[in-house]
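Data block below; observations after.
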Amino acid sequence: MLRIHCLGPGSVGSLVCFHLRSQSYPISFILRTSQSQHRQAPSSLSLQLDRDSLTRSVSGIDYEFIHAQHQQPIESLLVTTKAHQVSRSLQPLLHRLSRFSTVILLHNGLGVIEEVLERCFPHSDSRPSFILANTSHGVHKIDSGDSQPSHGRFCHSGIGDLKLGVLPNQTVLDGLAELGNQGHWYPCSDELENTSEGAWTPQPLALSADSNPLIKPSLNIPPNLDQHLPHLQPQTHTLHHTLAALLRPEIVEALGTKWLTLPEFQTSALVKLTVNAAINPITALLETRNEALAGEGAFQQLANGVCREASAAFALQASQPNGFSLDHPLTESNLLRQVRQVQRATGANISSMCADVRKLASNRTPYRSKRSRLRKKNIRESKEWSGKPTEEEEEMKEEEEQTEVEYINGYISRLGTKYGLLTPVNDCLSQLIKLKTSVIVTDQRLPPLKRAHQALGNDVVQEQEEEEGERSRNL
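With the first letter of the sequence shown counted as 1, position 55 gets the number 55 in UniProt numbering; the numbers rise by one all the way through.
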């Protein structure tokens, strides 16, 4: 079986890898060296998943550290880091990826694939094939796991789907072109179907440009693995087997995997982006669950603005300057309807951006204090101190202050700039999130007001303080 590496195995990555491992696929986690809880563990880890009050476990997950200078080629790589971390996280692995590799990008927001191609794979003849993915599943980490050594125990709290769009590279397209004149193709031995007569049955192919959505994405033809992406060694080997794993019936049942044509995937991704742009930054600014927005006129006004700007920007991007037809999924009214539906359906959820902000606030240590400790460390180690932030400090500061807003609302804002469209609502939400995270990191937030003991009896004050302490412990 094809080995699948996972870079950034957080909640979503662990969910996908749990189900792949449950089908016996070899899995390797690629971890940051700061994840010291794994350093003393044996060569493999377990993983626990809660769903419907049932805890299941898988084991035998290999792991390695990202800066360990491994040289083995990576055939299939699932990347589930935050959007703003993808390009940087891929850098130490570039020497292990080739035109015969497949990379799955699963994250919130848009604009990452363009960034990855520019920064990591500028030469088209050496870049891997990509599978673009987004998910509506809800999953969060519960604890470090009940068995050792464990990567953790996660709760699959919200059932959704996993949508895929395929970007084959030139190596794959060239391989398909070689078979374009054949009416049938005989698959490799491990995929053949044995007929009752003992003969192998050839599989029909659709490899011409007029019948294959991988070659011509504008075709309104549902992609099919056997017909449109046969196994060729080595051209389509990793892409074929990666898709075969994700489209395995057991995985489809567990994750709701759907392979869409590229235009269909792009449309669904833009709808999801707009929903996130309307809900995530507002809940992050307020630090509240999605349900707090229900029935709030102020939220409706902001959501209207987000959807109006997004629809106009998407129309210009699609060369539709007069807007979309009324039944198109990307009209303002349809986008707003999706926002309302998701807000109602996920009322009890905490958005990913809100979770990022809360995590930053709960774990905060002022950046200047960290910088001071690094300075003292450098002095102890007799390193020259220039007074300027080191590369380590800059990376620390960037990771602390960033959320995915630049790839959500920021993506809409960049489209507006590109096409000469004003996007004030998305601009404002982006800047407010950046300002909020900066204030948290630099520890500039005001402390809570002290209660007026003169106006309240001491017993009341003590009772309120005890209640506040209990609430903070439960967060």
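Glycine is no exception: its CB is placed at the ideal position from the N, C-alpha and C atoms.
In three-state terms, what does DSSP make of residue i?
{"i": "C120", "result": "coil"}
{"i": "D427", "result": "helix"}
{"i": "N134", "result": "strand"}
{"i": "G13", "result": "helix"}
{"i": "residue 477", "result": "Since the first residue of the chain shown is 1 and the last is 475, residue 477 is not available in this structure."}
{"i": "N194", "result": "Low confidence applies here, because N194 scores a pLDDT of 43, under 50, leaving its location unreliable and the question unanswered by this model."}
{"i": "R21", "result": "helix"}
{"i": "T288", "result": "coil"}
{"i": "R368", "result": "Low per-residue confidence applies at R368: pLDDT is 49, beneath 50, and the placement is therefore not dependable, though the value from the model is reported in the following sentence. The answer is helix: DSSP assigns R368 an H, G or I state."}
{"i": "A68", "result": "coil"}
{"i": "M1", "result": "coil"}
{"i": "S382", "result": "Because the pLDDT of S382 is 49, which lies under 50, any placement of that residue in the model is unreliable, and the number read from its coordinates should be weighed accordingly. Residue state, collapsed to three classes: coil."}
{"i": "R445", "result": "coil"}
{"i": "Q320", "result": "coil"}
{"i": "G175", "result": "helix"}
{"i": "H328", "result": "coil"}
{"i": "K359", "result": "helix"}
{"i": "L110", "result": "coil"}
{"i": "Q170", "result": "helix"}
{"i": "L94", "result": "helix"}
{"i": "Q148", "result": "coil"}
{"i": "N276", "result": "helix"}
{"i": "Q338", "result": "helix"}
{"i": "A269", "result": "helix"}
List the endpoints of the continuous beta strand (DSSP E) containing residue i.
{"i": "L225", "result": "Unbroken run through L225 is the alpha helix (DSSP H), L225 to H228; no beta strand (DSSP E)."}
{"i": "V166", "result": "L162 to L167"}
Measuring alpha carbon to alpha carbon, tell me which of the options ends up nearest residue i.
{"i": "N134", "options": "L260, S126, F65 and D174", "result": "L260"}
{"i": "R248", "options": "Q233, T236 and D226", "result": "D226"}
{"i": "L106", "options": "C428, K163 and H328", "result": "K163"}
{"i": "L255", "options": "G158, Q85 and E115", "result": "G158"}
{"i": "Q317", "options": "G420, V339, R153 and V275", "result": "G420"}
{"i": "L20", "options": "G109, L214 and E250", "result": "E250"}
{"i": "L117", "options": "I142, G347, T102 and S87", "result": "S87"}
{"i": "I334", "options": "T274, I350 and N349", "result": "Note that residue 334 is Asn in the sequence shown here, rather than Ile. Looking at the Cα atoms, T274 is the closest of the given residues."}
{"i": "I61", "options": "R340, S53 and F29", "result": "F29"}
{"i": "T417", "options": "Q23, I282, R340 and F314", "result": "F314"}
{"i": "A355", "options": "E404, L336, D327 and S325", "result": "E404"}
{"i": "V172", "options": "G165, N290, L229 and Q402", "result": "L229"}
{"i": "T257", "options": "E178, H231, G347 and H137", "result": "H137"}
{"i": "Y63", "options": "L167, L97, P168 and C17", "result": "C17"}
{"i": "E114", "options": "R96, H84, P26 and V139", "result": "H84"}
{"i": "E262", "options": "V166, I215, G323 and S76", "result": "Inspection of the sequence shows that residue 262 is occupied by Leu rather than by Glu. Looking at the Cα atoms, V166 is the closest of the given residues."}
{"i": "V58", "options": "A68, S22, C155 and R96", "result": "S22"}
{"i": "R3", "options": "P42, L246 and K141", "result": "L246"}
{"i": "T288", "options": "I215, L176, S351 and R414", "result": "S351"}
{"i": "Q233", "options": "L214, N280 and L179", "result": "L179"}
{"i": "H237", "options": "N169, L270 and E406", "result": "N169"}
{"i": "T331", "options": "P448, S268 and I66", "result": "S268"}
Pull up the DSSP beta-bridge partners for residue i, would you.
{"i": "S57", "result": "Q48"}
{"i": "F154", "result": "L49 and K141"}
{"i": "Y63", "result": "F29"}
{"i": "V79", "result": "L7 and L105"}
{"i": "S129", "result": "T102"}
{"i": "T257", "result": "L162"}
Run the proximity test for residue i: is its beta-carbon closer than 7 Å to any non-hydrogen atom belonging to the ligand FMN?
{"i": "I412", "result": "Absence of the ligand FMN is noted for the structure shown, with no ligands found whatsoever."}
Determine the extent of the alpha helix (DSSP H) in which residue i is found, giving its start and end residues.
{"i": "R308", "result": "G297 to Q317"}
{"i": "H241", "result": "H237 to L246"}
{"i": "G347", "result": "Counting along the chain, G347 falls outside any alpha helix (DSSP H), and DSSP gives it neither H nor E."}
{"i": "R88", "result": "V86 to L90"}
{"i": "K418", "result": "N409 to Y419"}
{"i": "T403", "result": "Here T403 belongs to no alpha helix (DSSP H), and DSSP marks it neither H nor E."}
Touch check for the region 115 to 124 and the region 218 to 232: three-plus C-beta pairs under 8 Å?
Pairwise C-beta distances place the region 115 to 124 out of contact with the region 218 to 232, as fewer than three of them are shorter than 8 Å.
Any contact of the region 48 to 62 with the region 74 to 88, i.e. 3+ C-beta pairs under 8 Å?
The count of Cβ pairs closer than 8 Å, one atom from the region 48 to 62 and one from the region 74 to 88, stays below three, leaving the stretches out of contact.
Check whether the region 351 to 361 and the region 306 to 318 touch, using three or more Cβ-Cβ pairs below 8 Å as the test.
no
Should the region 97 to 104 be regarded as contacting the region 65 to 72, the criterion being three or more beta carbon pairs within less than 8 Å?
no
Is there contact between the region 437 to 452 and the region 143 to 153, where contact requires at least three CB pairs shorter than 8 Å?
No: fewer than three Cβ pairs fall under 8 Å.
Whether or not the region 340 to 356 and the region 279 to 295 are in contact is what I'm after, with contact meaning three or more pairs of Cβ atoms, one per stretch, closer than 8 Å; do they touch?
yes
Counting beta carbon pairs with one atom in the region 342 to 353 and one in the region 291 to 298, are three or more of them shorter than 8 Å?
yes
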